[in-house]
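Chemist: Residue numbers (our numbering): 19 to 297. First, the structure itself, so that you have it in front of you.
Next comes the structure, spelled out in structure tokens:
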């Protein structure tokens with residue numbers, strides 16, 4: 019009987035211990051992670067992860083392409099899990115997109131729920147129980163970053179939209195203050211700083227300045243003007259860091275619809291609170 023008991027314990031031990039361990043079943047460009055409501059791509063750092071960076075592609079893009087991006091390399095080098103979800107609305111005219119709030123827009127999927135599911139699954143895949151989370155995005159992905167920051171401010175530790183903001187009709191207020199670093203090209207003609215309209219005004223890109231106003235009011239930036247302005251070569255900054263809560267950084271560059279040189283390391287330094295984005 020004692021022998022049988024010992025044998026049973028020996029056989030069942032791996033089964034009992036199994037839930038404590040985790041096994042990554044996906045990761046890398048050739049092994050996407052599929053969940054019930056979509057797909058995302060995952061890359062892990064060589065060291066134990068200390069947090070997560072989620073990056074949303076622009077309209078028409080794919081998460082797979084972001085695995086080789088400057089932000090992916092920067093995040094992995096600093097010890098963060100890098101996650102790049104796919105925007106997917108198969109019945110819509112613009113299929114690789116995000117469900118950005120806007121007038122006369124309809125979508126196949128609730129991308130807010132999708133991103134929450136992605137993060138939960140990525141944590142399970144990597145064994146990352148907590149740590150800081152950055153949500154970044156480009157163009158339409160950047161616009162959805164604004165939506166997430168406004169509607170679910172506790173989704174991420176900080177937000178970094180690039181070349182995308184709210185679309186009309188803009189929200190009148192957001193749920194709570196956030197840390198946000200917005201980057202935009204002075205010569206952006208795809209998503210101009212003032213936005214542009216489509217279909218005779220049926221669909222309208224929001225004004226970046228108006229988007230910032232909504233967030234300033236949410237953060238309690240009562241003075242309206244930034245605490246200070248600064249310059250770094252061909253980069254121009256406005257810093258709202260004296261608000262009641264949260265923080266807003268605006269970085270403008272002379273280019274068009276894209277990121278300026280050094281965007282990823284500068285933005286990651288800000289995310290990690292290693293100092294001001296510009297002196």
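Heads up, the beta-carbon is just placed ideally off N, CA and C, and yes, glycines get one too. Fair warning: this is a prediction, and the values are worked out from it, not measured in the lab.
1) Taking Cβ to Cβ, would you say residue 63 is nearer than 9 angstroms to residue 93?
2) Pick helix, strand or coil for residue 281, following the three-state DSSP scheme.
3) Taking the alpha-carbon positions, what's the residue 43 to residue 233 distance?
4) Which residues in the same chain as residue 237 place their Cβ atom closer than 8 angstroms to its Cβ, once the five residues preceding and following it in sequence are excluded?
5) Looking at the unbroken beta strand (DSSP E) that takes in residue 235, where does it start and where does it end?
6) How many angstroms separate the CA atom of residue 105 from the CA atom of residue 73?
7) Can you pull the DSSP bridge partners for residue 203?
8) If we count Cβ pairs, one from each stretch, closer than 8 angstroms, do we get three or more for the segment 153-166 versus the segment 117-127?
9) Straight-line CA distance for residue 71 to residue 198?
10) Within a Cβ cutoff of 7 angstroms, which residues of the same chain sit near residue 231, ignoring the five residues on either side of it in sequence?
11) Name the one or two DSSP bridge partners that residue 75 has.
12) Looking only at its chain, what residues have a beta carbon closer than 7 angstroms to the beta carbon of residue 202, apart from the 5 residues adjacent to it on each side?
13) Which term fits residue 246, buried or exposed, when burial requires 16 or more other beta carbons within 10 angstroms of its beta carbon?
14) What first and last residue would you give for the alpha helix (DSSP H) that runs through residue 161?
15) Determine, using beta-carbon pairs with one atom in the segment 145-161 and one in the segment 186-194, whether at least three such pairs fall under 8 angstroms.
16) Any idea which residues DSSP pairs residue 153 with across the strands?
17) Give the DSSP bridge partners of residue 248, in chain order.
18) Buried or exposed: where does residue 143 fall if 16 or more other Cβ atoms within 10 Å of its Cβ makes it buried?
19) On the three-state DSSP scale, how would you describe residue 289?
20) Could you compute how far the alpha carbon of residue 124 sits from the alpha carbon of residue 217?
21) Taking the DSSP output, what are the residues bridged to residue 223?
22) With a cut-off of 8 angstroms on the beta carbons, I'd call residue 15 and residue 88 a contact; round off their distance for me.
23) Under 9 angstroms, do residue 126 and residue 110 count as touching if we go by C-beta distance?
24) Is it right to say residue 67 is buried, meaning 16 or more other beta carbons lie within 10 angstroms of its own, or is it exposed?
25) Under three-state DSSP, which class holds residue 135?
26) Could you tell me the boundaries of the alpha helix (DSSP H) in which residue 93 lies?
27) Let me confirm a value: residue 219 is counted as buried when at least 16 other C-beta atoms fall within 10 Å, else exposed. Which label applies?
28) Can you find the residues in the same chain that come closer than 7 angstroms, C-beta to C-beta, to residue 128, ignoring five residues on each side of it along the sequence?
29) Excluding the 5 residues flanking residue 85 on each side, which residues of the same chain have their C-beta closer than 8 angstroms to its C-beta?
Modeler: Answer, in terms of the structure:
1) Here residue 63 corresponds to residue number 45 of the chain shown, with the count starting at 1. Here residue 93 corresponds to residue number 75 of the chain shown, with the count starting at 1. The answer is yes: Cβ separation under 9 angstroms.
2) Along the chain shown, one-based indexing puts residue 281 at 263. If DSSP states are grouped into helix, strand and coil, residue 281 belongs with the helices.
3) Within the chain shown, numbered from 1, the residue matching residue 43 stands at position 25. Within the chain shown, numbered from 1, the residue matching residue 233 stands at position 215. If I take the Cα positions, the gap works out to 39 angstroms.
4) Counted from its first residue, the chain shown places residue 237 at position 219. Within the same chain, residue 237 has close Cβ partners 195, 196, 258, 261, 262, 263, 264, 265 and 266.
5) The sequence position of residue 235 within the chain shown is 217, counting from 1. No beta strand (DSSP E) contains residue 235, which is instead part of the alpha helix (DSSP H) from 226-237.
6) Here residue 105 is taken as the residue at index 87 of the chain shown, counted from 1. Here residue 73 is taken as the residue at index 55 of the chain shown, counted from 1. Taking the straight line joining both Cα atoms gives about 11 angstroms.
7) One-based indexing of the chain shown puts residue 203 at position 185. Partner(s): 271.
8) yes
9) Here residue 71 refers to the residue found at position 53 of the chain shown. Here residue 198 refers to the residue found at position 180 of the chain shown. For residue 71 and residue 198, the distance between alpha carbons rounds to 14 angstroms.
10) Sequence index remark: in the chain shown, residue 231 carries index 213 (1-based). Here the set comprises nothing.
11) Along the chain shown, one-based indexing puts residue 75 at 57. BP columns for residue 75 are empty, so no partner.
12) Here the question's residue 202 lines up with position 184 in the chain shown. Excluding sequence neighbours, residue 202 sits near 181, 211, 226 and 270.
13) Here the question's residue 246 lines up with position 228 in the chain shown. So residue 246 counts as exposed.
14) Counted from its first residue, the chain shown places residue 161 at position 143. Where residue 161 is concerned, the enclosing alpha helix (DSSP H) stretches over 158-169.
15) no
16) As a first step, residue 153 is located in the chain shown; it is residue number 135 there, counting from the start. According to DSSP, residue 153 bridges with 72 and 177.
17) In the chain shown, residue 248 corresponds to position 230, counting from 1. Paired residue(s): 255.
18) Taking the chain shown and counting its residues from 1, one reaches residue 143 at position 125. Answer is buried; the Cβ neighbour count reaches 16.
19) Your numbering for residue 289 matches position 271 in the chain shown. If DSSP states are grouped into helix, strand and coil, residue 289 belongs with the helices.
20) As a position in the chain shown, residue 124 is number 106, starting the count at 1. As a position in the chain shown, residue 217 is number 199, starting the count at 1. Near 15 angstroms, if we compare the C-alpha coordinates of residue 217 and residue 124.
21) Here residue 223 is taken as the residue at index 205 of the chain shown, counted from 1. 185.
22) Any answer about residue 15 is impossible in this case: the structure gives the chain only from 19 up to 297.
23) Here the question's residue 126 lines up with position 108 in the chain shown. Here the question's residue 110 lines up with position 92 in the chain shown. The answer is yes: Cβ separation under 9 angstroms.
24) Counting from 1 along the chain shown, the entry for residue 67 is found at position 49. The residue in question, residue 67, is buried, as its Cβ has 16 or more Cβ neighbours within 10 Å.
25) Numbered from 1 along the chain shown, position 117 holds the residue referred to as residue 135. Note: residue 135 maps to helix in three-state DSSP.
26) Residue numbering aside, residue 93 sits at position 75 when the chain shown is read from its first letter. Start and end: 88-95.
27) Against the chain shown, residue 219 aligns to sequence position 201. Answer is exposed; the Cβ neighbour count stays below 16.
28) Counted from its first residue, the chain shown places residue 128 at position 110. Closer than 7 angstroms at Cβ, skipping near neighbours: 117.
29) Position 67 of the chain shown, counting from 1, holds the residue named residue 85. Cβ within range, chain order: 46, 47, 59, 61, 100 and 102.
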